[in-house]
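Colleague: Residue 45 in the working numbering sits at position 45 of the sequence shown; the count goes up by one each step and never skips.
Even glycine gets a Cβ: it sits at the ideal position worked out from N, Cα and C.
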Amino acid sequence: MGIKQARGGEGCFLGSIARGSNTIAAAATRNHRVEPKRRVITRRKTRRSLGGLAFAAAELEQGKGVVSEFFTLSRGLKVETLEKRCATTGDSSKPNLLFLHGSYHGSWCWAVHYFDYFNAKGYNTFALSFLGQGRSDIPQGERVSGTVESHAKDVVEYLNSLQEPTVVVAHSFAGLILQRVMQSKPENVLGAAFLCSVPPTGNSAMAGRFLRRTPIAALKLVYAFISRNFETDETVLREIFFSEDIPDEELRRYQQLIKGSCKLPLLDLRRYQDELPIRQTESSCKPALVLGCSDDKVVDTTAVRELADEFQTEAVILGGIGHDCMLDTRWEVAADQLRTFLVEAF
Numbered sequence: 001m002g003i004k005q006a007r008g009g010e011g012c013f014l015g016s017i018a019r020g021s022n023t024i025a026a027a028a029t030r031n032h033r034v035e036p037k038r039r040v041i042t043r044r045k046t047r048r049s050l051g052g053l054a055f056a057a058a059e060l061e062q063g064k065g066v067v068s069e070f071f072t073l074s075r076g077l078k079v080e081t082l083e084k085r086c087a088t089t090g091d092s093s094k095p096n097l098l099f100l101h102g103s104y105h106g107s108w109c110w111a112v113h114y115f116d117y118f119n120a121k122g123y124n125t126f127a128l129s130f131l132g133q134g135r136s137d138i139p140q141g142e143r144v145s146g147t148v149e150s151h152a153k154d155v156v157e158y159l160n161s162l163q164e165p166t167v168v169v170a171h172s173f174a175g176l177i178l179q180r181v182m183q184s185k186p187e188n189v190l191g192a193a194f195l196c197s198v199p200p201t202g203n204s205a206m207a208g209r210f211l212r213r214t215p216i217a218a219l220k221l222v223y224a225f226i227s228r229n230f231e232t233d234e235t236v237l238r239e240i241f242f243s244e245d246i247p248d249e250e251l252r253r254y255q256q257l258i259k260g261s262c263k264l265p266l267l268d269l270r271r272y273q274d275e276l277p278i279r280q281t282e283s284s285c286k287p288a289l290v291l292g293c294s295d296d297k298v299v300d301t302t303a304v305r306e307l308a309d310e311f312q313t314e315a316v317i318l319g320g321i322g323h324d325c326m327l328d329t330r331w332e333v334a335a336d337q338l339r340t341f342l343v344e345a346f
């Protein structure tokens, strides 16, 4: 299992590089599982017209039979949600799957492949876009869309509305938010899956490793996220998020979706470190898949193993896949690993 280039959560990488951070990643312990309780809650959601979209997500959803809704949070703001339930009744013993996106993405990124894949295996699938991302509301008068804590609370509210047992799957920076969700021990969450996720200590150590290992590549990455040139430059987009062999047509499609996804930064880069590290306890450390990719230029395998240690499990490291493992050329390899985890753990 090789170690490659590093970055921790797209947006927050910039702050760490700018600070010249060179702290060392921490690690913790090994394997414990706790069974959750169930409770019944009332779900509050509203539908909203799909007209006037700034990007092509509606076409994606309509072509795949995905239901687009807006869930009203207790503070009055609405978050975009997507869902696709199995065509048949399916296996009632299987948990729901709730997918959380990383920076510069939205709930759409799970509807491209993963919804159909897991529906076919008998799982009901859900995804949400964080505030300020996708078609979710934009907090007024704010420079950023929230904190790790506030985003985690939004996720828990939506989780409570689902009622049934659920496994939460998070990519990249959303993994940090999911770690905070797990720390709060929501009753209907059976476990978690982290795909190319930021570790409990954030991305500072990763930024330092990246600078020491490949300084020119690190500077190019910094410029990409400052300028967001990956929204217009296909070469940069391919280098950061995808494998070299992703077809041009797919790359252009994803570029259009990414281009319209981020309205506000997910976190305040000057403050989010105050919320770290996010440590799990014995009771919050439920079954978890921690998956990384040796070709990932955003999150390195050292960070992946740090997170695996926190959840007392072994890291799964895949080759030949880029950071966007749910969209990349060999997305199904990562999906297969997630399915294996679900079958074995639940």
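Can you tell me whether DSSP reads H171 as helix, strand or coil?
Modeller: strand
Colleague: Beta strand (DSSP E) containing N124: first to last residue?
Modeller: That residue, N124, is in no beta strand (DSSP E); it is neither H nor E in DSSP.
Colleague: Whole angstroms are fine: how far does the CA of T81 sit from the CA of L146?
Modeller: Residue identity differs from the one stated: residue 146 is Gly in this sequence, not Leu. For G146 and T81, the distance between alpha carbons rounds to 18 Å.
Colleague: Suppose you measure from the CA of E149 to the CA of H101; what does that come to, to the nearest Å?
Modeller: When rounded, the distance between both Cα atoms is 16 Å.
Colleague: May I ask you to list the residues that DSSP assigns as paired with F99?
Modeller: Note: F99 sits in a beta bridge opposite A127, V169.
Colleague: Along the chain, where does the alpha helix (DSSP H) containing L318 start, and where does it finish?
Modeller: No alpha helix (DSSP H) holds L318; the beta strand (DSSP E) holding it covers 316 to 318.
Colleague: With hydrogens ignored, establish whether the beta-carbon of Y272 is closer than 6 Å to any heavy atom of the ligand SAM.
Modeller: For the ligand SAM, the structure offers nothing, since it holds no ligand at all.
Colleague: Could you give the distance in angstroms between the alpha-carbon of G65 and the alpha-carbon of K84?
Modeller: Spanning the two alpha carbons is a distance of roughly 7 Å.
Colleague: Where does D309 land, buried or exposed, given buried means 16+ other C-beta within 10 angstroms?
Modeller: buried
Colleague: Short of 7 Å in beta carbon distance, which residues of its chain neighbour D245, apart from the five on each side in sequence? Order them along the chain.
Modeller: T329
Colleague: Would you call F346 buried or exposed, if buried means 16 or more other Cβ atoms sit within 10 Å of its Cβ?
Modeller: exposed
Colleague: Taking only runs of the beta strand (DSSP E) that begin and end inside the stretch 236 to 270, which ones reach a length of at least 3 residues, in chain order?
Modeller: none
Colleague: Using a Cβ-Cβ distance under 7 Å, would Q337 count as near chain C?
Modeller: Looking for chain C here will not work: only one protein chain is present.
Colleague: Assuming contact is defined by CB atoms lying nearer than 7 Å, are L289 and A170 in contact in what I supplied?
Modeller: no
Colleague: Near C86, what residues of its chain come up, given a Cβ to Cβ distance below 8 Å and the 5 sequence neighbours on each side ignored?
Modeller: N119, G122, Y123, N124
Colleague: Let me know if Y223 comes out buried or exposed under the rule of 16 or more other beta-carbons within 10 Å of its beta-carbon.
Modeller: exposed
Colleague: Would you kindly work out how many angstroms separate the C-alpha atoms of K78 and V167, rounded to a whole number?
Modeller: 22 Å
Colleague: For S204 and V236, I'd like the C-alpha separation in whole angstroms.
Modeller: 23 Å
Colleague: In chain order, which continuous runs of the beta strand (DSSP E) of length 3 or greater are located wholly inside the stretch 172 to 206?
Modeller: 189 to 195
Colleague: How many whole angstroms separate the CB atoms of V299 and S103, which I take to be in contact at a CB cut-off of 8 Å?
Modeller: Rounded, the Cβ-Cβ distance is 12 Å, inconsistent with contact.
Colleague: Under a Cβ-count criterion, where at least 16 other Cβ atoms within 10 Å of its own Cβ denotes burial, should G208 be classed as buried or exposed?
Modeller: buried
Colleague: Have a look at N188 and E332 and give me their C-alpha separation to the nearest angstrom.
Modeller: 27 Å
Colleague: Relative to the C-alpha of F70, which residue among Y254, Q133, D91 is closest?
Modeller: Q133
Colleague: Give me the Cβ distance between I138 and K259, rounded to the nearest whole Å; I'm assuming they're in contact under 8 Å.
Modeller: That pair is no contact at about 16 Å.
Colleague: Could you check what DSSP says for S283 in three-state terms: helix, strand or coil?
Modeller: The three-state secondary structure of S283, taken from DSSP, is coil.
Colleague: Using only alpha-carbon positions, find the residue among R212, P165, N160 that is nearest to S92.
Modeller: P165
Colleague: List the endpoints of the continuous alpha helix (DSSP H) containing T232.
Modeller: No alpha helix (DSSP H) holds T232; DSSP gives it neither H nor E.
Colleague: When DSSP labels each residue in this structure, what does C109 get in the three-state scheme?
Modeller: C109 falls in the helix class under three-state DSSP.
Colleague: Check each candidate in L211, V67, N160 and name the one with the smallest Cα separation from D116.
Modeller: V67
Colleague: Beta-carbon separation of S284 and Q183 under 7 Å?
Modeller: yes
Colleague: With distances taken between CB atoms, is the gap from Y114 to M326 smaller than 7 Å?
Modeller: yes
Colleague: What residue range does the alpha helix (DSSP H) around E387 cover?
Modeller: For the chain, the structure presents residues 1 to 346; residue 387 sits outside this window and is missing.
Colleague: Helix, strand or coil for N31, going by three-state DSSP, please let me know.
Modeller: Because the pLDDT of N31 is 35, which lies under 50, any placement of that residue in the model is unreliable, and the number read from its coordinates should be weighed accordingly. In the structure shown, N31 sits in coil (DSSP, three-state: anything other than H, G, I, E or B).
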